[in-house]
Amino acid sequence: RKEVEQDPGPFNVPEGATVAFNCTYSNSASQSFFWYRQDCRKEPKLLMSVYSSGNEDGRFTAQLNRASQYISLLIRDSKLSDSATYLCVVNMKGGSYIPTFGRGTSLIVHP
Amino acid sequence: DTAVSQTPKYLVTQMGNDKSIKCEQNLGHDTMYWYKQDSKKFLKIMFSYNNKELIINETVPNRFSPKSPDKAHLNLHINSLELGDSAVYFCASRRTENSPLHFGNGTRLTVT
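Chains A and B are the protein sequences, given in the same order. The numbering of the first sequence is the numbering used here, which starts it at 35 and goes up by one. The numbering of the second sequence is the numbering used here, which starts it at 670 and goes up by one.
Okay, here's the thing in C-alpha cells:
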C-alpha cells in the first residue's frame, strides 16, 4: 500500500465548476498536512495547510479526517488558471517526521 | 530576494560523469531536503539535513552524496551518472517539523 495515495485524474471540468480531490494516508501517527500546487516544469508551491477543524482560503477549502485518514481539497468556481497538478503532503512519522508526497491529481479547467 | 535557490537550473551531461547541484536558503530554516521528481512526476525524498546533520537518508545509491557545510546550504554531488538519474531535483527547506516546505525552482538533470 502506498503511503500517500491520490487519484491521478485528470479531472476535466468547465470553468465555474466545483471539484473535489481526496488524499488518503497510511500512517495514523502522521501529523501536519498540506496541499501544494505544481504547474508544469515548476516547483511545488504551498496552496494551504490542512487542519482538523477545516480551513478555507477564498475558493479553496481543505479538510482533514483523522479517523478515516484522508484529507480533501474543494475548489469552488474553478478558473482556467486553476489548471495544475495538486499534491497532497503528509508528515509521516518515521524516526523523524518525513514530508511525504502523493503522486498528485491533475486538474484541467476548460472554457 | 530568493528564499531557496539552486544552481544550475539545467544540467546536461554524459554517463559516467560526476556533477554537483548547489542549494542555498536565506530563510533561517534548520532543515533542508533533496527530492527527486522522475518522469512520472512522483516527488520522492532523498535526503534531509537538520542543522548540518543528516537525519533522513532514503534508499538512494551511494553515488549520491549530500554535503551541508552550514545550515543554509545543502549540496548534492552525484558520481558516475547513469541514464536513470535523469530527473528534476528539488531542494527544499522548512522551519520546524510541522511547517510547510519551501522549494527551490529545481534542477533538470539530463544524462545522455
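Cβ atoms here follow ideal geometry from the backbone N, Cα and C, with glycine treated the same way. Being a predicted model, the structure only gives us computed values, none of them experimental.
Secondary structure note for Glu-722(B): its beta strand (DSSP E) is the uninterrupted segment 722-726.
Residue burial is scored here from C-beta neighbours: Met-701(B) has at least 16 other C-beta atoms within 10 angstroms and is therefore classed as buried.
Residues are counted here when their Cβ sits less than 9 Å from a Cβ of chain A; for the stretch 735-748 of chain B the count is zero. Listed by position along chain A, the residues whose Cβ is nearer than 9 Å to that of Leu-770(B) are Phe-68, Tyr-70, Pro-78, Leu-80, Val-123, Pro-133.
Between Ser-102(A) and the set Leu-114(A), Cys-57(A), Ser-83(A), Val-123(A), the nearest pair of CA atoms involves Cys-57(A). Here DSSP, grouped into helix, strand and coil, assigns Asp-754(B) to helix.
Excluding five sequence positions before and after Ala-118(A), the CB atoms of its chain that fall closer than 7 Å to its own CB belong to Arg-71, Gln-72, Asp-73, Leu-141, given in chain order. Nearest to Pro-769(B) by C-alpha distance, out of Phe-45(A), Lys-76(A), Gln-65(A), is Gln-65(A).
Exposed is the label assigned to Pro-677(B), since fewer than 16 other Cβ atoms lie within 10 Å of its Cβ. As computed with DSSP, Cys-692(B) is found in a beta bridge with Gln-675(B). Partner residues in a beta bridge of Arg-732(B), as assigned by DSSP, do not exist. Here Asn-731(B) is exposed, its C-beta having fewer than 16 other C-beta atoms within 10 Å. A Cβ-Cβ separation of about 11 Å leaves Phe-68(A) out of contact with Tyr-120(A) under the 8 Å criterion. In this structure, DSSP gives Asp-91(A) an extended state, which the three-state scheme calls strand. Of the candidates Ala-96(A), Gly-92(A), Glu-77(A), Ala-96(A) places its Cα closest to the Cα of Ser-83(A). Within its own chain, the residues whose Cβ lies closer than 6 Å to the Cβ of Ala-63(A), once the five positions on either side in sequence are excluded, are Lys-127, listed in chain order. The C-beta of Ser-115(A) comes no closer than 7 Å to any C-beta of chain B. DSSP, reduced to helix, strand and coil, places Leu-114(A) within a helical segment of the structure shown.
Here DSSP, grouped into helix, strand and coil, assigns Met-684(B) to coil.
The criterion of a C-beta distance shorter than 7 Å is not satisfied by Pro-145(A) and Phe-772(B). Put simply, the CB of Arg-100(A) is far from chain B, with every gap to its CB atoms at 7 Å or more. By the Cβ-count criterion, Ser-115(A) is exposed, with fewer than 16 other Cβ atoms from all chains shown falling within 10 Å of its own Cβ. Residues of the same chain with a CB within less than 6 Å of the CB of His-746(B), apart from the 5 flanking positions on each side, are Ser-689, Ser-734 in chain order.
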